[in-house]
Structure formats: structure tokens, C-alpha cells
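Undergrad: In this note's numbering, the protein residues as written are 201 to 521. Every residue, glycine too, gets a C-beta built ideally from N, C-alpha and C. None of the values given here were measured: they were computed from a predicted structure. Please find one structure pasted underneath; my questions will follow.
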């Protein structure tokens with residue numbers, strides 16, 4: 201399948217949003233911009249785009265399993281291992297290699313990547329068994345999402361983020377379905393509809409804020425699932441429509457193409473950058489401009505490291521420039 205620039209642009213946008221969220225948390229100790237305003241939304245968009253890319257007229261299970269292993273599992277092992285020591289030093293925690301191995305091998309070192317690996321494995325097997333038929337995949341998505349609600353009510357940590365992986369099955373299916381019927385969706389891909397979705401999104405965000413709805417993706421804590429799903433679908437459809445109409449944005453699409461490495465770095469780099477800024481006396485003190493300064497440094501450092509990785513050791517990402 202020919203690479204679609206709008207997907208890279210949208211991934212880049214979502215990755216920057218996650219970097220901003222992590223910068224806020226590490227620099228100030230909290231979400232300055234409400235988490236419910238955008239964080240859950242951009243994470244869900246990542247799942248939907250993954251589902252979109254899984255749709256193929258001819259699906260080869262062997263190729264997909266190899267891709268998951270090469271581009272997700274191996275980088276997960278390498279990057280979480282590499283980031284363990286510096287993150288623990290910054291946190292002033294002891295270095296316990298047994299604990300490190302346990303966290304990594306049980307899928308606790310990077311919840312999103314772990315959940316994506318398991319979700320793509322399950323969904324790939326579902327496509328293969330059902331030969332890509334929509335109804336069984338839809339049932340699997342709904343059942344997985346329903347089971348995630350039950351598991352999240354137990355308030356415990358699951359092996360390889362099983363609760364988040366099951367939740368993601370529904371969003372993978374939505375992306376898969378969108379790609380399958382993209383020509384139909386394109387009939388409403390017009391600016392008036394995108395503007396309408398934007399207005400609906402503003403309305404639902406105001407409603408969520410007024411009644412204090414929580415939409416925490418990890419660990420799952422969602423207090424109103426119907427509103428959560430409506431919100432997620434409005435935001436996802438809006439940004440997909442918007443980015444399909446935007447011209448290519450070279451620097452943003454570059455971030456999107458390399459978003460897997462950005463994601464692995466989006467915990468450690470904001471943490472280290474924030475600590476260094478605090479050491480030289482650049483503290484938040486209620487001025488959001490300092491957060492933007494920290495965010496700028498985070499973006500620059502993360503980009504330089506990502507560029508170096510893809511230039512000199514691309515094999516650890518499972519891809520080659």
C-alpha cells in the first residue's frame with residue numbers, strides 16, 4: 201500500500217500532543233491542560249490509525265505477525281531496556297535488573313506499546329480466522345471493549361496491559377472499517393462537516409467538564425462510557441477529515457513516520473529535560489510560557505535522538521531509512 205501522507209501528518213500531530221502532555225506532567229507535576237481535553241483522544245486516534253493500516257484486500261497473517269514482532273516487540277525490548285537506567289537514576293531509584301526484566305517481560309515498561317502489540321495480535325488472528333468478514337470482527341471489537349470495562353473495575357494490573365489491549369480492539373476495528381469503506385466516508389469529507397464536528401466536540405467537552413467526567417485511558421478510569429465513545433468518535437472523525445484535506449507538512453510527517461521512537465522517548469526525555477531546567481532555576485511558577493520553553497527543548501532533543509537512531513542504528517527500530 202502506498203504511504204499516505206495524511207496518516208503521517210496526523211500521527212505527528214498526535215505525537216506532539218503526547219509530548220506536550222508528558223512535558224507538563226514532568227515539568228509541573230500535573231496536567232495543566234485538562235487530560236480529558238485531548239490526551240485520551242490522541243491515544244485513541246493512534247489505535248484507529250493502526251486498525252486502518254491493518255485493512256488489506258489480501259491479508260497475510262504470517263507477514264503481519266512478523267511485522268508486529270520486528271517493528272513493535274523488538275523495539276519495545278530494546279528501548280525500554282535502554283531507558284530503564286537513566287530514568288531510575290533521575291527518579292533516585294535503585295538499579296534492580298531483576299525488577300527491570302520482570303517489568304519489561306510482563307509488558308509493564310510501556311503500557312501503550314504493550315497494549316498495541318497484544319491488540320494487533322488478537323485482531324490479526326481474528327482477521328485470519330474470519331477471512332476479514334466484518335460481523336465477526338465487529339463482535340470481537342465490542343466483546344473486547346466490554347470485557348475491558350469489567351477488567352478495569354477490578355483495579356489491578358494485567359499481564360501485557362490486557363485490559364487496554366481489549367479496549368483497543370474496538371478502535372482497531374473502527375479504523376479497519378473506515379479504510380474498507382473509505383470511499384463512502386469521503387463523501388462527507390467536506391469542510392462544513394468538519395466544522396460541524398468541531399462544534400459538536402466543543403459542546404461535548406463543555407458538558408464533560410461541567411459534570412466532571414473522567415476519561416483516563418491508563419489505568420482505565422472512565423466514568424461515562426457512552427459519552428466517552430461519542431467524544432472519541434467525533435474527535436477521531438474530525439481530525440481524520442481535517443488531515444486528509446491538509447497539504448503535506450514535511451516536518452510533521454517526518455515526526456509521524458518516526459512516531460514509534462518518539463513514543464519510546466516521550467517519557468525519559470521530558471523527565472530528564474524537566475530535571476535539568478529545575479536545576480538551573482527555570483521553574484513553572486504558573487507561567488505557561490515556561491512549559492512551552494520546556495516543550496521546545498523536549499521536541500528538539502527527542503528529534504535529534506530519533507534522527508541519530510534512524511541514521512546510525514535503524515535496525516533497532518525494525519525499519520530502515
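Whose C-beta lies closer than 7 Å to the C-beta of residue 238 among residues of the same chain, with five residues either side of it excluded?
TA: The residue you call residue 238 lines up with position 38 of the chain shown. Closer than 7 Å at the Cβ level, and outside the excluded window around residue 238, lie 217.
Undergrad: If we require 4 or more residues per run, which alpha helix (DSSP H) segments fall completely within the region 311–372?
TA: Within the region 311–372, the complete alpha helix (DSSP H) runs of at least 4 residues are 311–330 and 334–352.
Undergrad: With 16 other CB atoms within 10 Å as the buried threshold, where does residue 513 fall?
TA: In the chain shown, the residue the question calls residue 513 occupies position 313. Residue 513 is exposed by the Cβ-count criterion.
Undergrad: Which residue wins for smallest C-alpha separation from residue 458, given the options 506, 295 and 485?
TA: Taking the chain shown and counting its residues from 1, the one referred to as residue 458 is at position 258. Per the Cα distances, 506.
Undergrad: In its own chain, which residues sit with a C-beta less than 6 Å from the C-beta of residue 414, not counting the 5 before and 5 after it?
TA: Translated into positions along the chain shown, residue 414 becomes position 214. Excluding residues within five positions, the ones whose Cβ falls inside 6 Å are 421 and 423.
Undergrad: Taking DSSP's pairing of strands, which residues face residue 415 in a bridge?
TA: By 1-based counting over the chain shown, the position of residue 415 is 215. DSSP, once it has assigned bridges, lists 422 as partnering residue 415.
Undergrad: Is it right to say residue 395 is buried, meaning 16 or more other beta carbons lie within 10 angstroms of its own, or is it exposed?
TA: Numbered from 1 along the chain shown, position 195 holds the residue referred to as residue 395. Burial call: exposed.
Undergrad: Could you check which residue in 338, 410 and 478 has the C-alpha nearest to that of residue 490?
TA: Numbered from its first residue, the chain shown carries residue 490 at position 290. For the residues 338, 410 and 478, the minimum Cα distance to residue 490 belongs to 478.
Undergrad: Check whether the region 440–447 and the region 383–394 are in contact - that is, three or more C-beta pairs closer than 8 Å.
TA: Short answer: they touch.
Undergrad: Does the beta-carbon distance from residue 456 to residue 210 come in below 9 Å?
TA: Locating residue 456 in the chain shown gives position 256, where the first residue counts as 1. Locating residue 210 in the chain shown gives position 10, where the first residue counts as 1. Result yes, Cβ atoms of residue 456 and residue 210 sit closer than 9 Å.
Undergrad: Using CA atoms only, rank isn't needed, just tell me which of 473, 474 and 464 is closest to residue 283.
TA: For the purposes of this step, residue 283 is taken as residue 83 along the chain shown, with counting starting at 1. Among 473, 474 and 464, the Cα nearest to that of residue 283 belongs to 464.
Undergrad: Looking at C-alpha atoms only, which residue of 498, 481 and 318 is the closest neighbour of residue 466?
TA: Mapped onto the chain shown, residue 466 falls at position 266. Ranking the options by Cα distance to residue 466, first place goes to 498.
Undergrad: For residue 232, which three-state DSSP category applies?
TA: What you label residue 232 is simply residue 32 of the chain shown in a count that begins at 1. Reduced to three states, the DSSP call for residue 232 is coil.
Undergrad: Is the beta carbon of residue 341 closer than 9 Å to that of residue 248?
TA: Walking along the chain shown from the start, residue 248 turns up at place 48. Walking along the chain shown from the start, residue 341 turns up at place 141. No, these two residues do not count as a Cβ contact at 9 Å.
Undergrad: Identify every run of the alpha helix (DSSP H) within the region 219–286, keeping only runs that are complete inside it and at least 4 residues long; order them along the chain.
TA: Runs of the alpha helix (DSSP H) inside the region 219–286: 235–254 and 261–268.
Undergrad: Mind checking whether residue 314 and residue 377 have CB atoms under 9 Å apart?
TA: Along the chain shown, read from residue 1 onward, the residue named residue 314 stands at position 114. Along the chain shown, read from residue 1 onward, the residue named residue 377 stands at position 177. The answer is no: Cβ separation not under 9 Å.
Undergrad: Leaving out five residues before and five after residue 224 in sequence, what residues of the same chain have Cβ atoms less than 7 Å from its Cβ?
TA: In the chain shown, residue 224 corresponds to position 24, counting from 1. For residue 224, where only same-chain residues beyond five positions count, the Cβ hits under 7 Å are 231, 232, 233 and 491.
Undergrad: Going by alpha carbons, who is nearest to residue 203 out of 475, 453 and 501?
TA: Looking up residue 203 in the chain shown gives position 3. Closest by alpha carbon: 453.
Undergrad: Going by DSSP, what residue range makes up the alpha helix (DSSP H) through residue 466?
TA: Translated into the one-based positions of the chain shown, residue 466 becomes position 266. Per DSSP, residue 466 belongs to no alpha helix (DSSP H) and is neither H nor E.
Undergrad: Quick check on DSSP: helix, strand or coil for residue 179?
TA: One cannot answer for residue 179 here, as it falls past the ends of the chain, which runs 201 to 521.
Undergrad: Hey, could you find the ends of the alpha helix (DSSP H) residue 300 is sitting in?
TA: For the purposes of this step, residue 300 is taken as residue 100 along the chain shown, with counting starting at 1. Here the alpha helix (DSSP H) through residue 300 covers 297–305.
Undergrad: Compute the Euclidean distance between the alpha carbons of residue 254 and residue 484, then round it to the nearest angstrom.
TA: Taking the chain shown and counting its residues from 1, the one referred to as residue 254 is at position 54. Taking the chain shown and counting its residues from 1, the one referred to as residue 484 is at position 284. So the two alpha carbons sit approximately 42 Å from each other.
Undergrad: Does the pairing of the region 307–323 with the region 359–370 give three or more beta-carbon distances under 8 Å?
TA: Flag = yes, the region 307–323 and the region 359–370 touch.
Undergrad: Classify residue 204 as helix, strand or coil using the three-state DSSP reduction.
TA: If you number the chain shown from 1, residue 204 lands on position 4. DSSP places residue 204 in coil when its eight states are reduced to three.
Undergrad: Below 8 Å CB to CB, which residues in the same chain sit around residue 521 once its five sequence neighbours on both sides are set aside?
TA: Working through the chain shown from its first residue, we reach residue 521 at position 321. For residue 521, the predicted structure reports a pLDDT of 49, less than 50, and the residue's modelled location is therefore unreliable. The matter cannot be settled from this model.
Undergrad: Answer yes if the region 340–357 comes into contact with the region 404–412, meaning at least three C-beta pairs across the two stretches below 8 Å, and no otherwise.
TA: Judged by Cβ distances under 8 Å, the region 404–412 makes no contact with the region 340–357, as fewer than three pairs qualify.
Undergrad: Going by other Cβ atoms of all chains shown within 10 Å of its Cβ, with 16 needed for buried, is residue 412 buried or exposed?
TA: One-based indexing of the chain shown puts residue 412 at position 212. Burial call: exposed.
Undergrad: Beta carbon of residue 235, beta carbon of residue 416: below 9 Å?
TA: Within the chain shown, the letter at position 35 stands for residue 235. Within the chain shown, the letter at position 216 stands for residue 416. Closer than 9 Å, so yes.
Undergrad: Let me make sure I understand the geometry here. Which of 383, 450, 273 and 370 has the alpha-carbon closest to that of residue 245?
TA: Start at 1 with the first residue of the chain shown, and residue 245 comes out as number 45. It is 370 whose Cα lies nearest to the Cα of residue 245.
Undergrad: Use the C-beta contact count for residue 399: other C-beta atoms within 10 angstroms, 16 or more gives buried, fewer gives exposed.
TA: Here residue 399 is taken as the residue at index 199 of the chain shown, counted from 1. Exposed, by the Cβ-count rule.
Undergrad: Does residue 251 pass the burial test, meaning 16 or more other C-beta atoms within 10 Å, or should it be called exposed?
TA: Taking the first residue of the chain shown as 1, we reach residue 251 at position 51. Residue 251 should be labelled buried.
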